[in-house]
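Below you'll find the structure, written out as structure tokens, and then a few comments.
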Amino acid sequence: MKSNDIASIKALTKELVVLYVEDEEDIRHHMLALLRILFKKVDVACDGFSGLEMFQERPYDLVITDIQMPNMNGLDMIEHIRMKNGEIPIIITTAFSDQDYFIRSIDLKIDKYLLKPIEEVRAKAVFADIAWMIDDRKKAKEYEIRQLQEKINRLSERIIAQITESYLSPCIIYTDDTVRYFNDPFCAIFDTVELQRFLKGEEEGLPFDKRPGFMHSLAEYDAADLQKNRISVSKRQGRKIYRIIRRDIHIDNEEEQSRIYFFNDITLEEYQKIKIKSYTEILEELVIQNRYRGKKEFKTASADQEVSVIAEVAPPKDETPNIPAVPQEELQNVKLKIGDEENRLLRRTHTHKTKAAEYISELDNEILQELQELDELDSDFKESIYLLSEEADIDGLRQMSVQLEVYAHVISMLFEFEDLAYAIRSLAKVLSETEDAALDQKKMKKIILLLSGIQSDLSDWRRRLFVDQSALDIHYLDSSLFSTCLQIELILSDEVDEIESGEEDLILF
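Residue numbers (this note's numbering): 853 to 1361.
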């Protein structure tokens, strides 16, 4: 129920600014006493012309005016005001009851009338009605704005959805550190369970790989160094690398900015960088090797000495040697320090066997195309073994270590074969760190035979997994290859001079 007491009226009018136009000083003085109690501010003009000038200089919430005034009467002033503002409430104070004035005031949309002499009770009632009307209009306007804003918000959500879904790369939008939207390509990066746990707050961030040199969360985004903003995600289908791009955007009329993160797939780009680096290292090793050979040939010719070579000659390049690794029983009486990672790999078993055809069907085509490089690496590896058989030296082993490192990087793209990649990478490291003093002809012969066996095993592994897809277990090679790598490390170890055996040479069977 609306009340007309001073307190109730003032609660509605205390923030309103009023323009009061009256030429008679006594009436003006009497009315101002009441107006200044009710309203926040009251500006006074003595005629219609002055009142119009004041109205044009600043906004008002209410106009109260007499009709008959010098220079410009109240109705003429109101007519000019209505041209600028058709909604502002206007009250007329007049002693006239002329029909022409009354009809014109209706046309000018006058809201209320106060007849002179003005009674305070009547004035309060009129001001109360006007105050409630202004309050109702304000609430209606606010409701209209809310409705319009909600409509804009719904439209914005649809536009955001359409834009992000049309963008083929993954993206996610945050507002006030809360996930607002992400598109379908983003969902494809992570498992459903991972996303559910993340959205429920069970995980602090998205499940990125915790690898050195990569962001562990989006909070680590560095706007000053965009090259640092990379993430790594490993899945059964392989490892993916994304460059993160962040943009601040305004959605709706929010004061707080929203942030959209774009995930650009740079897996192949990063792989190409490493591949180029690896090939550069190979070229550098070849240059070093050629210089070393030139110096050695010069010294040999000067001293007129024969060059010591390995008696056994490797098979031609087009033939694949099929030489097995050193028998395990030869290692029984030899002690070698094995690290935690090596011990874990030797003990590890894969209880679930995955067929090659089943595994390949889940791989991305881009990764399969990159894996074709293994064929070329097989040929390079085979040729290096042949050259090493013809002239066994430390430079040949180091060249092979670079090739093995490249091979390990290629298969490390596949999350399932990180252990296999680790074994090959460990072997590459051992070969690269080998010194001349650690080698003799007998050791080199054994190493060449073992490396030849590894090359044959890897070639067969690649064919059975990625070519004819005949392997019944994609992990069939893991433990045996790592064991062979340990045998080579044992041969090169400073703790033993040679592998104890019943025969001088390796037993081949």
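Where is the CB? At the ideal position from N, CA and C, for every residue including glycine.
DSSP bridge partner residues for residue i (one or two, in chain order)
i, result
"Y1113", "I1024 and R1098"
"V869", "K893"
"V1031", "Y1026"
"Y965", "I944"
"K1092", "V1085"
Integer Cβ distance of residue i from residue j, believed to fall under 8 Å
i, j, result
"T917", "V873", "4 Å"
"Y1113", "L1070", "6 Å"
"I1024", "S1110", "Contact doesn't hold; Cβ gap of about 11 Å is too wide."
"A1208", "S1322", "7 Å"
"I997", "D913", "No, I997 and D913 are not in contact; Cβ-Cβ is about 18 Å, not under 8 Å."
"I1326", "T1206", "5 Å"
Euclidean distance between Cα positions of residue i and residue j
i, j, result
"T1119", "Q999", "46 Å"
"K809", "L887", "Examination of residue 809 is not possible in this model, given that the chain is present from 853 through 1361 alone."
"A1076", "N1116", "18 Å"
"E1285", "D1100", "49 Å"
"L1324", "E1072", "43 Å"
"D959", "M929", "14 Å"
"I1340", "D1309", "15 Å"
"Y953", "A947", "11 Å"
"L890", "H881", "15 Å"
"E1287", "A1244", "13 Å"
"L1272", "L1279", "11 Å"
"L1215", "L1333", "24 Å"
"A1163", "K1298", "In this predicted model, A1163 has a pLDDT of only 36, less than 50, meaning its place in the structure is not dependable enough to derive any value."
"V1178", "L1301", "Confidence at V1178 is low in this model, with a pLDDT of 40, below 50, so the placement of that residue is unreliable and no value is reported for it."
"I1212", "R1250", "33 Å"
"A897", "R1010", "53 Å"
"A983", "L927", "22 Å"
"F1066", "R1082", "5 Å"
"Q1224", "S1241", "27 Å"
"S860", "A980", "8 Å"
"N937", "D988", "18 Å"
"K1295", "D1312", "26 Å"
"D1330", "L1303", "16 Å"
"L1317", "I1237", "23 Å"
"R1098", "P1037", "17 Å"
"D1232", "H1102", "55 Å"
"I955", "Y995", "34 Å"
"F1042", "R1277", "28 Å"
"K1125", "E1002", "49 Å"
Minimum Cβ-Cβ distance from residue i to chain B less than 9 Å
i, result
"R1250", "The chain inventory of the structure shown lacks chain B, comprising one protein chain alone."
Continuous alpha helix (DSSP H) stretch holding residue i: start and end
i, result
"T1206", "Premise fails: T1206 is in no alpha helix (DSSP H) and is neither H nor E."
"V1262", "I1246 to S1264"
"Y1274", "E1270 to S1284"
"L1051", "T1044 to L1051"
"E931", "G926 to K936"
"Y1073", "From DSSP, Y1073 is part of no alpha helix (DSSP H); its letter is neither H nor E."
"A1040", "D1036 to I1041"
"Q1339", "D1330 to L1344"
"D1232", "E1225 to E1242"
"Q1321", "Unbroken run through Q1321: none, as it is neither H nor E."
8 Å Cβ shell around residue i - same chain, five flanking residues per side excluded
i, result
"D899", "V873, D875, M921, P922, N923 and M924"
"R1091", "D1061, S1084, V1085, T1119, S1264, M1265, L1266 and F1267"
"L1051", "V1031"
"L1229", "Q1255, V1258, Y1259 and V1262"
"K862", "I889 and L890"
"M883", "Y872, E874, I916, T945, I970 and A975"
"I962", "I930, I942, I943 and I944"
"K968", "I879, T945, T946 and A947"
"Q908", "K936"
Residue i: first and last residue of the uninterrupted beta strand (DSSP E) it sits in
i, result
"L914", "L914 to D918"
"S1084", "R1082 to K1087"
Close Cβ partners of residue i (< 7 Å) along its chain, the five nearest in sequence each way excluded
i, result
"L1239", "G1248"
"K1080", "D1074"
"A1275", "L1197, L1333, F1334 and C1337"
"E972", "L886"
"F1269", "I1263"
"I919", "N925, G926, L927, I944, T946, F948 and Y953"
"V1282", "I1340, E1341 and L1344"
"D857", "none"
Beta-carbon proximity list for residue i, same chain, < 6 Å, skipping 5 on both sides
i, result
"T1027", "S1110"
"H932", "L904"
"S902", "none"
"I879", "none"
"T865", "L890, F891 and A983"
"I1246", "D1288"
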